[in-house]
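Participant: Residue numbers (the working numbering): 687 to 824.
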């Protein structure tokens with residue numbers, strides 16, 4: 687799934703020059719590049735950072751403040767190689783859990799394990815105690 691800053695397909699392609707290949711669905715937010723960041727991060731259970739510049743830094747700040755599970759690919763360049771220093775400078779506990787790996791396969795393995803241990807059980811419990819009519823019995 688892709689989350690686009692554009693209002694529609696036309697803007698997605700012509701204004702933002704964004705790809706359409708590789709997505710099962712694209713959500714058009716119409717909120718521009720900066721506004722899209724919040725929806726992008728909040729719709730994720732796990733967030734991975736590799737490389738990046740100022741937009742990536744903004745997304746990281748949101749993910750960190752929202753207490754997300756975060757994976758950082760070390761050695762990928764850009765802002766990702768400085769996130770450990772930024773966290774130390776911020777000096778704020780948010781509940782976020784940040785995992786660093788230089789091997790992308792290892793990073794995915796670590797994050798998948800964290801998802802299975804920390805996030806999936808909660809989602810499963812919510813679904814087991816919830817009826818499709820919106821009643822929670824937990």
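All C-beta atoms, glycine included, are put in the ideal place defined by N, C-alpha and C.
Can you give me the start and stop residues for the alpha helix (DSSP H) that residue 727 sits inside?
Facilitator: Here residue 727 refers to the residue found at position 41 of the chain shown. That run of the alpha helix (DSSP H) goes 718-728.
Participant: Taking the Cβ atom as the reference point for each residue, do residue 801 and residue 755 lie within a distance shorter than 8 Å?
Facilitator: Locating residue 801 in the chain shown gives position 115, where the first residue counts as 1. Locating residue 755 in the chain shown gives position 69, where the first residue counts as 1. Taking 8 Å as the Cβ cut-off, residue 801 and residue 755 qualify as a contacting pair.
Participant: Using CA coordinates, which residue listed in 823, 815, 806, 787 is at the minimum distance from residue 736?
Facilitator: Within the chain shown, numbered from 1, the residue matching residue 736 stands at position 50. Looking at the Cα atoms, 787 is the closest of the given residues.
Participant: Provide the residue span of the beta strand (DSSP E) that contains residue 759, from first to last.
Facilitator: To locate residue 759, count along the chain shown from 1; it is residue 73. Looking at the DSSP string, the run of the beta strand (DSSP E) that includes residue 759 is 755-759.
Participant: So, with DSSP's three-state summary, where would you put residue 801?
Facilitator: As a first step, residue 801 is located in the chain shown; it is residue number 115 there, counting from the start. DSSP places residue 801 in helix when its eight states are reduced to three.
Participant: Would you grab the beta carbon distance between residue 739 and residue 689 for me? Rounded to a whole angstrom, and I think it's under 8 Å.
Facilitator: To locate residue 739, count along the chain shown from 1; it is residue 53. To locate residue 689, count along the chain shown from 1; it is residue 3. With a Cβ gap of about 18 Å, residue 739 and residue 689 do not count as contacting.
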